[in-house]
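Asks:
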Amino acid sequence: MAGFPIHQLDKYLKVLVQEHGNLVAICEEFKAEAKNVPFQRRVTRVVSPGTLIDERFLDPFHNNFILAIFESEGGTFGLAWLDVSTADFQTTESSDPKTVRDEITRIAPREVVLVHDNIYPPDHPIAEAISRTQALISHTPMPEQTSESLGIEKTSVSAAEHSAIRLLTGYLSTRLLEHMPDMHVDTPQHSETTMHMDAATLTALEIRETNERSTRGSLIKILRRTVTQGGARLLVHWLTSPSTSIPLIQARQSMVDLFLKNSFLRQDIRMIMHTSIGDILRTLQRVSLRRNDVQDLLKIRDFIRATDQILDRLERETSAPIGGLELQEWMRRCTSLDELGDRLGNAIDERVMQKRLEQQAALIKQFDSMYDTGEATTESIDVPKVRKQRRSSVSIPLLLEGPLWGDDIEHLVRPDSSPMLQNLTDQYNGYRVKARILENSLRERHGEYVTLKFLLGQGYIVHFSSPRGDELDENLTLAYKTKTTRTFYHPEWSKIGMKLQKLKEGISDCESRLLDTLRLEVLAHSDKLRRNARLLDQLDVLQSFAQAAEELSLVRPVIDNSSQLDICDGRHLGVELGLMEQERLFTKNHLKLGQDARLHLITGPNMGGKSTFLRQNAIIAVLAQAGSFVPAEAARIGIVDAIFSRVGAKDDLFHNRSTFMVEMSETADILQRATSRSFVIADEIGRGTNTSVGLAVAFSVLHSLAIRTQCRTLFATHYYELADMLGFDQDQPPSQALSDQVAFFCTRLEKHGDVLWFSHRVRPGVNRDSHGLDIARLAGMPKDTMELAAKTHAWIVQHGRANIDTRGLVQDVLVSQ
Numbered sequence: 070m071a072g073f074p075i076h077q078l079d080k081y082l083k084v085l086v087q088e089h090g091n092l093v094a095i096c097e098e099f100k101a102e103a104k105n106v107p108f109q110r111r112v113t114r115v116v117s118p119g120t121l122i123d124e125r126f127l128d129p130f131h132n133n134f135i136l137a138i139f140e141s142e143g144g145t146f147g148l149a150w151l152d153v154s155t156a157d158f159q160t161t162e163s164s165d166p167k168t169v170r171d172e173i174t175r176i177a178p179r180e181v182v183l184v185h186d187n188i189y190p191p192d193h194p195i196a197e198a199i200s201r202t203q204a205l206i207s208h209t210p211m212p213e214q215t216s217e218s219l220g221i222e223k224t225s226v227s228a229a230e231h232s233a234i235r236l237l238t239g240y241l242s243t244r245l246l247e248h249m250p251d252m253h254v255d256t257p258q259h260s261e262t263t264m265h266m267d268a269a270t271l272t273a274l275e276i277r278e279t280n281e282r283s284t285r286g287s288l289i290k291i292l293r294r295t296v297t298q299g300g301a302r303l304l305v306h307w308l309t310s311p312s313t314s315i316p317l318i319q320a321r322q323s324m325v326d327l328f329l330k331n332s333f334l335r336q337d338i339r340m341i342m343h344t345s346i347g348d349i350l351r352t353l354q355r356v357s358l359r360r361n362d363v364q365d366l367l368k369i370r371d372f373i374r375a376t377d378q379i380l381d382r383l384e385r386e387t388s389a390p391i392g393g394l395e396l397q398e399w400m401r402r403c404t405s406l407d408e409l410g411d412r413l414g415n416a417i418d419e420r421v422m423q424k425r426l427e428q429q430a431a432l433i434k435q436f437d438s439m440y441d442t443g444e445a446t447t448e449s450i451d452v453p454k455v456r457k458q459r460r461s462s463v464s465i466p467l468l469l470e471g472p473l474w475g476d477d478i479e480h481l482v483r484p485d486s487s488p489m490l491q492n493l494t495d496q497y498n499g500y501r502v503k504a505r506i507l508e509n510s511l512r513e514r515h516g517e518y519v520t521l522k523f524l525l526g527q528g529y530i531v532h533f534s535s536p537r538g539d540e541l542d543e544n545l546t547l548a549y550k551t552k553t554t555r556t557f558y559h560p561e562w563s564k565i566g567m568k569l570q571k572l573k574e575g576i577s578d579c580e581s582r583l584l585d586t587l588r589l590e591v592l593a594h595s596d597k598l599r600r601n602a603r604l605l606d607q608l609d610v611l612q613s614f615a616q617a618a619e620e621l622s623l624v625r626p627v628i629d630n631s632s633q634l635d636i637c638d639g640r641h642l643g644v645e646l647g648l649m650e651q652e653r654l655f656t657k658n659h660l661k662l663g664q665d666a667r668l669h670l671i672t673g674p675n676m677g678g679k680s681t682f683l684r685q686n687a688i689i690a691v692l693a694q695a696g697s698f699v700p701a702e703a704a705r706i707g708i709v710d711a712i713f714s715r716v717g718a719k720d721d722l723f724h725n726r727s728t729f730m731v732e733m734s735e736t737a738d739i740l741q742r743a744t745s746r747s748f749v750i751a752d753e754i755g756r757g758t759n760t761s762v763g764l765a766v767a768f769s770v771l772h773s774l775a776i777r778t779q780c781r782t783l784f785a786t787h788y789y790e791l792a793d794m795l796g797f798d799q800d801q802p803p804s805q806a807l808s809d810q811v812a813f814f815c816t817r818l819e820k821h822g823d824v825l826w827f828s829h830r831v832r833p834g835v836n837r838d839s840h841g842l843d844i845a846r847l848a849g850m851p852k853d854t855m856e857l858a859a860k861t862h863a864w865i866v867q868h869g870r871a872n873i874d875t876r877g878l879v880q881d882v883l884v885s886q
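Following the numbering used here, the numbering of the sequence shown begins with 70 at its first residue and continues without gaps.
Set out below in structure tokens:
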């Protein structure tokens with residue numbers, strides 16, 4: 070595309086690439102090597118959704134990942150994903166397509182790269198996950214080279230992971246082109262020590278977004294108190310990949326506790342981060358790809374100064390009782406780069422930079438307003454000029470104020486930061502003095518307004534502001550004459566002007582070299598800068614956990630290797646905040662799971678709070694293992710290696726799957742993949758088919774979870790018959806195999822006349838009434854319809870629903886209507 074200003078490129082890239090998933094080839098002009106060709110053009114970059122670098126429309130709070138998937142001949146999958154804008158890079162290995170599907174959902178890539186001939190059918194788990202995340206699928210041949218890719222040693226990853234890295238590298242080389250050689254990434258972070266959450270669980274727990282595809286009400290949105298973009302992205306990573314390492318979790322908790330108890334320290338850190346720390350990882354990536362400007366170097370300077378300020382502030386805490394070992398370890402890993410910061414600060418003149426940015430912004434705003442209305446032409450751009458008023462010969466001063474001719478050079482680099490630049494500047498100012506002396510001598514000699522100028526088309530000329538033809542200096546040669554003015558060439562001014570022009574070009578070249586030297590010096594310290602940036606991201610997330618703990622009344626959970634989940638007065642943050650907007654209170658509930666019984670069978674009415682109870686305990690486990698405090702009065706969390714959910718199924722018409730089919734597929738995944746350390750929340754298993762089959766499926770699943778897998782499970786159901794089958798009814802013999810593994814809990818609905826009241830309190834026992842008819846009335850069902858439903862229900866209860874006589878039902882109920 071052509072015909073639009075270069076500063077509007079981001080506007081079109083956002084529409085074409087981010088919104089429509091197109092590829093955009095960017096072609097630039099270069100000085101041609103051949104003398105008879107003025108310039109040449111070549112494609113320097115192909116922009117795709119996963120290869121965005123520094124575009125202004127990039128979401129600052131989420132990573133923009135591109136994911137490569139390689140399937141080996143043995144059926145093993147290697148995954149490698151990279152955020153080109155921040156150099157966040159990770160790899161993992163998966164043994165089956167369903168695990169890959171879960172990883173895709175967790176990573177949420179913008180683009181997925183596959184081998185050229187690797188095409189998955191629409192009903193394949195990988196294809197389903199890619200479709201769900203709305204990522205662009207790109208195919209590329211497998212590179213043949215065996216050289217190390219992205220600087221990652223082959224010995225540090227598996228063979229499948231290394232193949233995925235090669236695939237990713239080969240694809241990036243076709244997109245980044247001339248930017249690829251300077252590509253820099255960190256050592257990949259493996260995901261073996263993280264809690265696994267499958268695609269269904271991430272959706273059910275509403276980690277990233279709610280079921281209405283809105284971020285409002287999601288766990289990340291509710292908990293986020295970060296003040297930096299890098300911290301916001303790390304928060305997403307921690308909440309979608311909670312840790313299973315107890316020492317790491319406890320270290321995070323100790324830091325959160327420190328910030329929670331010392332609010333002044335927390336507020337000081339927040340203020341420094343908010344005012345001085347930008348998106349440093351993306352800034353460093355622009356520097357490494359030679360796409361930076363001077364403003365990026367100033368951002369790095371500010372980041373270094375802010376890091377030193379935070380270190381100084383924290384040093385005061387380490388000597389106090391509140392300063393713990395975790396804080397000291399964080400400070401030990403953080404490196405002061407004050408010398409680099411001083412060089413950047415002393416070299417770059419921030420005032421000149423700010424002035425240029427303001428002028429540029431004003432011009433862009435003026436051009437955009439005319440461009441949008443179709444009035445933009447070269448002549449219509451109003452470049453600010455200083456208009457000089459004409460003066461009469463009587464009021465003309467013979468001598469000008471100031472010893473220097475012309476305007477001062479606006480140095481991006483301060484002259485005193487470089488002897489060479491200072492020398493060139495001194496020479497330039499020396500010739501400006503000579504020009505002013507010459508200008509004053511001409512005024513004194515000719516007694517009129519004379520100025521030394523440079524005009525395009527004429528060069529260096531002496532300008533007279535009157536047309537009179539008095540005898541002039543013999544050194545003046547007429548260049549141009551109008552009715553009101555005359556211009557002349559003067560050999561001394563031509564010599565001075567050429568010197569000024571040459572020196573000005575030399576100063577510009579010297580500044581460019583000095584800026585490039587500063588850029589290379591930043592790159593030489595890039596590893597330390599990146600490490601500091603990631604440490605400050607961690608500090609930002611930890612202080613945000615403390616801020617959230619203070620605002621949301623969260624407490625520190627105990628983390629251990631037990632098989633228990635003990636939660637006192639647990640809450641669901643999303644539901645609680647929604648109720649607060651309605652000026653209602655949330656009902657807190659206890660959970661004691663894993664010691665006396667590993668499975669809780671929970672019965673109760675519709676809208677009785679069963680689903681909320683299931684979700685809130687799973688979310689508490691996620692928060693605890695991410696290092697956050699949790700919404701409860703007290704909590705003890707035995708490490709959970711994976712959370713699985715079977716909650717809220719709906720049909721999948723695109724893949725030709727009914728509601729029951731979706732439900733059974735998710736349940737099968739749980740039974741095949743859950744371990745004894747997993748946590749399963751199951752809601753209404755078996756509801757998508759007839760009663761007898763659904764009850765049989767529910768019992769078999771419950772039995773498998775409690776006896777075979779022995780994982781911690783919350784099993785909510787309307788099938789109260791399950792309690793009878795498990796021995797809750799004293800009239801039937803108990804199932805000895807399950808009696809020690811299952812505990813029975815329920816919620817109830819209180820009815821006072823026509824008034825219904827949901828207590829939402831989870832208590833021991835079994836509820837045999839769903840109160841579905843009452844809920845239907847609340848929903849506004851017609852009165853006559855509900856009367857018929859009530860009579861039908863009473864008849865079925867009387868005669869037994871297992872042996873319904875259709876003719877008898879019609880005769881007794883419908884005829885009586």
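Think of the CB as a built atom: it goes at the ideal place given N, C-alpha and C, for glycine as much as any other residue. Because the structure is a prediction, the values reported are computed rather than measured.
#1: Locate the beta strand (DSSP E) running through I671, then write down its first and last residues.
#2: Across the segment 296 to 316 and the segment 692 to 709, are there enough close Cβ pairs to call them in contact, namely three or more that are closer than 8 Å?
#3: Less than 8 Å between the beta carbons of E918 and V699, yes or no?
#4: Buried or exposed: P560, going by 16 or more other Cβ atoms within 10 Å of its Cβ?
#5: DSSP has R114 in a bridge; who is on the other side?
#6: By the three-class DSSP mapping on this structure, what secondary structure does N658 have?
#7: Are the segment 164 to 175 and the segment 186 to 196 touching by the rule of at least three beta carbon pairs closer than 8 Å?
#8: Quick test of your reading: D377 and S345, contact by CB under 8 Å. State the CB separation rounded to the nearest angstrom.
#9: For L589 and R582, what's the separation of their Cα atoms in angstroms?
#10: Take E732 as the anchor and find which of S773, A751, S117, N91 has the nearest alpha-carbon.
#11: Between A617 and the rest of its own chain, which residues show a CB-CB distance below 6 Å, the 5 nearest in sequence each way excluded?
#12: Where does V455 fall in DSSP's three states?
#13: Just to check, is the beta-carbon of D186 closer than 7 Å to a non-hydrogen atom of the ligand ADP?
#14: Can you look up F146 in the DSSP assignment and give me helix, strand or coil?
#15: Would you tell me roughly how many angstroms separate the C-alpha atoms of A273 and D418, rounded to the nearest one?
#16: Using only the alpha-carbon positions, how far apart do R382 and V627 sit?
#17: In whole angstroms, what is the alpha-carbon distance linking G410 and T113?
#18: For N280, count neighbouring C-beta atoms within 10 Å of its own C-beta (all shown protein chains included) and say buried if the count is 16 or more, exposed if not.
#19: Please state if the CB of W474 and the CB of L521 are separated by a distance shorter than 8 Å.
#20: Under 8 Å Cβ to Cβ from T681, same chain only, skipping five residues before and after it: list those, please.
#21: What's the call for W307, buried or exposed, on a 16-neighbour Cβ count within 10 Å?
#22: Select from A792, I135, E142, F372 the residue whose C-alpha is nearest the C-alpha of D152.
#23: By how many angstroms is the C-alpha of R777 removed from the C-alpha of I739?
#24: In its own chain, which residues sit with a C-beta less than 8 Å from the C-beta of V305, not counting the 5 before and 5 after it?
#25: Could you tell me if F333 is buried or exposed, where buried requires 16 or more neighbouring beta carbons within 10 angstroms of its beta carbon?
#26: Please classify M324: does DSSP put it in a helix, a strand, or coil?
#27: Quick test of your reading: R781 and L634, contact by CB under 8 Å. State the CB separation rounded to the nearest angstrom.
#28: In whole angstroms, what separates the C-alpha of A687 from that of V181?
#29: Could you check whether T238 and P210 sit closer than 8 Å to each other, using their CB atoms as the reference points?
#30: Label F73 either buried or exposed according to how many other C-beta atoms from any shown protein chain fall within 10 Å of its C-beta, with 16 as the threshold for buried.
#31: Ignoring anything shorter than 3 residues, give me the beta strand (DSSP E) runs that lie fully in the segment 543 to 621, in order along the chain.
#32: CB G300 to CB S697, shorter than 8 Å?
#33: From M567, Y558, S535, pick the residue whose C-alpha is nearest to that of K552; which is it?
#34: My understanding is that V811 touches L660, with C-beta atoms under 8 Å, so please give their C-beta distance in whole angstroms.
#35: Please report the residue range of the beta strand (DSSP E) in which R830 lies.
#36: Taking contact to mean 3 or more Cβ pairs, one atom from each stretch, closer than 8 Å, check whether the segment 137 to 145 and the segment 101 to 109 are in contact.
Replies: The relevant details are as follows:
#1: 668 to 672 is the span of the beta strand (DSSP E), which, as asked, contains I671.
#2: A contact exists between the segment 296 to 316 and the segment 692 to 709.
#3: This structure does not reach residue 918, given that the chain is present from 70 up to 886, and the question cannot be answered.
#4: Exposed, by the Cβ-count rule.
#5: Answer by DSSP bridge pairing, in chain order: I95.
#6: In the structure shown, N658 sits in a strand (DSSP, three-state: E or B).
#7: The segment 164 to 175 makes contact with the segment 186 to 196, as at least three CB pairs between them are under 8 Å.
#8: That belief does not hold up - the Cβ atoms of D377 and S345 are roughly 10 Å apart, past 8 Å.
#9: Their backbone Cα atoms lie some 10 Å apart in a straight line.
#10: Taking E732 as reference, the option from S773, A751, S117, N91 with the minimal CA-CA separation is A751.
#11: Answer for A617: L292, R294, listed in chain order.
#12: Since pLDDT at V455 reaches only 44, below the 50 mark, its modelled position is unreliable, and the value read off the structure follows with that caveat. Look at V455 here: in three-state DSSP terms it is coil, with no helix or strand label.
#13: Absence of the ligand ADP is noted for the structure shown, with no ligands found whatsoever.
#14: In the structure shown, F146 sits in a strand (DSSP, three-state: E or B).
#15: Linking A273 to D418 through their CA atoms gives a straight-line distance of about 53 Å.
#16: Answer to the nearest angstrom: the Cα atoms are 29 Å apart.
#17: If you take the alpha carbons of G410 and T113, they lie about 32 Å apart.
#18: In summary, N280 is exposed, with fewer than 16 beta-carbon neighbours lying within 10 Å of its beta-carbon over all protein chains present.
#19: Cβ atoms of L521 and W474: closer than 8 Å.
#20: H641, V644, H829.
#21: A residue is called buried when at least 16 other Cβ atoms come within 10 angstroms of its Cβ; W307 meets this threshold and is buried.
#22: Each of A792, I135, E142, F372 was checked against the Cα of D152, and the nearest Cα belongs to I135.
#23: Whole-angstrom Cα-Cα distance: 12 Å.
#24: Only F130, H131, N132, R277, I289 meet the Cβ criterion.
#25: Classification of F333: exposed, given that the 10 Å Cβ count is below 16.
#26: In this structure, DSSP gives M324 a helical state, which the three-state scheme calls helix.
#27: At roughly 6 Å, the Cβ-Cβ gap stays under 8 Å, so R781 and L634 are in contact.
#28: The straight-line gap from Cα to Cα measures roughly 30 Å.
#29: The answer is no: Cβ separation not under 8 Å.
#30: The residue in question, F73, is exposed, as its Cβ has fewer than 16 Cβ neighbours within 10 Å.
#31: You should have 546 to 550, 555 to 558.
#32: Not in contact: G300 and S697 (Cβ atoms no closer than 8 Å).
#33: Cα-wise, what sits closest to K552 is S535.
#34: At roughly 15 Å, the Cβ-Cβ gap does not stay under 8 Å, so V811 and L660 are not in contact.
#35: Run containing R830: none; DSSP gives neither H nor E here.
#36: By the Cβ test, the segment 137 to 145 is not in contact with the segment 101 to 109, since fewer than three Cβ pairs between them sit closer than 8 Å.
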